[in-house]
Amino acid sequence: MLLASIPSPTQGVWFVGPIPLRGYAVCIIAGIILAVWIGNKRWVARGGEPGAVLDISMWAVPFGILGGRIYHVISSPGPYFGENGNLLDAFKIWEGGLGIWGAIALGGVGAWIGCRREGVPLTTFADAVAPGIAVAQAVGRLGNWFNNELYGAALDAPWALTVYRWDAGLGQAIRDSTGEPLVLGTFHPTFLYELLWNLGVAALVIWADRRFNLSRGRAFAFYVAAYCAGRVWIEALRIDPAETVLGLRLNVWTSILVFMGAVAWFVTHRGPREDLTPKRAGGDEDKDDEDDEDDEDDDLAADADAELNDYEPEQADDDSGTAQDHVVDAEPSKRKPLRRSTRSKQADL
């Protein structure tokens with residue numbers, strides 16, 4: 008008899024009036040907020056503009072959620088395309104199911120668009136947000152706990168997870184005639200394993216970035232490689248339905264391939280950190296305005312030179328006691344400059 012285990016929620020959705028409040032959605036949103044906050048602090052510390060991470064995230068997050076859902080449907084097609092499957096369920100994202108690799112891939116496209124609009128390097132943005140993404144993944148795994156999903160093989164140990172028979176549509180455990188939730192069994196809490204692993208990865212990336220001054224996407228590559236190393240063994244414990252290739256789950260193969268790519272990037276991309284001075288689309292226009300101001304300054308200086316050259320000094324009065332003229336030195340090298348920039352005039356105003 009199992010004396011202790013980790014309990015699971017019997018309910019994953021609550022109603023505030025007619026509005027459903029789902030634990031899974033709350034965890035995803037909380038993770039995104041934390042990722043943006045952490046990313047912004049790291050971005051500013053690297054010399055970037057405050058708020059740029061939020062602006063770029065407005066592109067990256069929607070793309071990432073869409074990509075995560077597409078990858079989940081492709082890697083676990085049974086509930087949507089299999090026998091008794093329902094294609095419309097693929098759009099019920101609130102019931103859970105986001106694949107990290109799809110989120111990273113399509114989210115990267117959104118981030119690229121945002122970085123282009125902000126005029127900053129994508130790799131530098133990725134380095135800044137890497138630990139935040141790992142933290143967001145950790146918080147997101149709590150959403151799987153609320154949904155009683157992503158558990159591993161059966162386990163009889165104090166850290167085993169009690170899982171209930173679940174009605175995904177209602178977002179709650181199925182109950183017997185007495186109202187008691189029906190227990191499915193006790194299993195490896197793979198959601199908890201990955202949660203703790205992701206927090207460790209975030210801390211490791213922050214340490215490595217400070218210790219080795221990682222740049223040009225290397226901090227992000229380090230995060231990806233470290234995450235993949237854990238995902239391989241955690242994925243091997245899971246027993247939920249998934250596509251397999253040569254006896255291994257599709258996510259295991261994906262993790263291995265992505266790990267190799269991340270290591271290759273980490274090894275081959277070196278150099279100093281990129282300049283974070285924004286190069287927005289209007290940058291050329293600003294430069295033209297500055298050039299126009301400089302030209303106007305030069306014109307003012309030329310006019311002043313012409314006025315001085317035309318100036319004729321007045322003779323002194325006869326009763327002044329001297330016949331010496333008050334001569335004005337017209338040599339440019341000895342004349343006090345009269346040039347005044349338009350910026351100085353604007354400052355007086």
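Quick note, the sequence shown lines up with residues 8 to 356 if you use the working numbering. Beta carbons are placed, not taken as given, at the ideal position from N, Cα and C, and that holds for glycine. Just so it is clear, the structure is predicted and the values come from calculations on it, not from any experiment.
For residue 261, no beta strand (DSSP E) segment is defined; the enclosing uninterrupted segment is the alpha helix (DSSP H) at 257-275. Annotation for residue 194: the continuous beta strand (DSSP E) segment containing it runs 190-194. The C-beta of residue 184 has fewer than 16 other C-beta atoms within 10 Å across all chains shown, which makes the residue exposed. Residue environment for residue 26: exposed (fewer than 16 other C-beta atoms within 10 angstroms of its C-beta). Taken through DSSP and simplified to helix, strand or coil, residue 130 comes out as helix. Restricting attention to 20, 238, 19, 278, the CA atom closest to the CA of residue 264 is found in 238.
Just measuring C-alpha positions, the residue of 129, 179, 35, 141 sitting nearest residue 16 is 179. Between residue 139 and residue 41 a beta carbon distance of about 6 angstroms is seen, short of the 8 angstroms cut, so the two are scored as contacting. By the neighbour-count criterion, in which 16 or more other beta carbons inside 10 Å mark a residue as buried, residue 49 falls on the buried side. Bridge pairing for residue 27: 22 [DSSP].
Contact between residue 118 and residue 67 holds: their C-beta atoms lie close to 4 angstroms from each other, under 8 angstroms. Between residue 163 and residue 193, the beta carbon gap of about 7 angstroms places them in contact (Cβ cut-off 8 angstroms). Annotation for residue 169: the continuous beta strand (DSSP E) segment containing it runs 168-171. Look at residue 159 here: in three-state DSSP terms it is strand.
Setting aside the 5 residues that flank it on each side, residue 93 is surrounded in the same chain by 86, 87, each with a C-beta closer than 8 angstroms to its C-beta; the list follows chain order.
Within a 10 Å sphere around the beta-carbon of residue 269 sit 16 or more other beta-carbons, which makes this residue buried.
Distance from the CA of residue 99 to the CA of residue 72, rounded to the nearest whole angstrom, comes to 12 angstroms.
The alpha carbon of residue 204 has as its nearest neighbour, out of 195, 253, 233, 191, the alpha carbon of 233. Just so you know, the alpha carbons of residue 222 and residue 280 end up roughly 5 angstroms apart. With respect to the 9 angstroms criterion, residue 74 and residue 23 are not classified as neighbours on the basis of their beta carbons. The three-state secondary structure of residue 118, taken from DSSP, is helix. A distance below 8 angstroms between beta-carbons, with the five flanking residues on each side excluded, links residue 39 to the following residues of its chain, in chain order: 64, 68, 143. Between the alpha carbons of residue 153 and residue 278 lies a distance of about 44 angstroms.
Exclusion of the five residues before and after residue 253 leaves no residue of its chain whose Cβ lies closer than 6 angstroms to its Cβ. The three-state secondary structure of residue 49, taken from DSSP, is helix.
Among the bridge pairs identified by DSSP, residue 13 is matched with 168. Judged by DSSP secondary structure, residue 233 falls within the alpha helix (DSSP H) whose first and last residues are 225-244. Taking residue 212 as the centre and dropping the five residues before and after it, the same chain places the C-beta of 137, 138, 141, 226, 229, 230, 233 closer than 8 angstroms to its C-beta, in chain order. The residue from 131, 166, 135 with its alpha-carbon nearest to that of residue 45 is 135.
In the displayed model, residue 180 falls within a strand according to three-state DSSP. A straight line joining the alpha-carbon of residue 202 with that of residue 30 spans about 16 angstroms.
For the pair residue 52 and residue 165, the CB atoms are not nearer than the 9 angstroms cut-off. For residue 251, DSSP records a beta bridge to 256.
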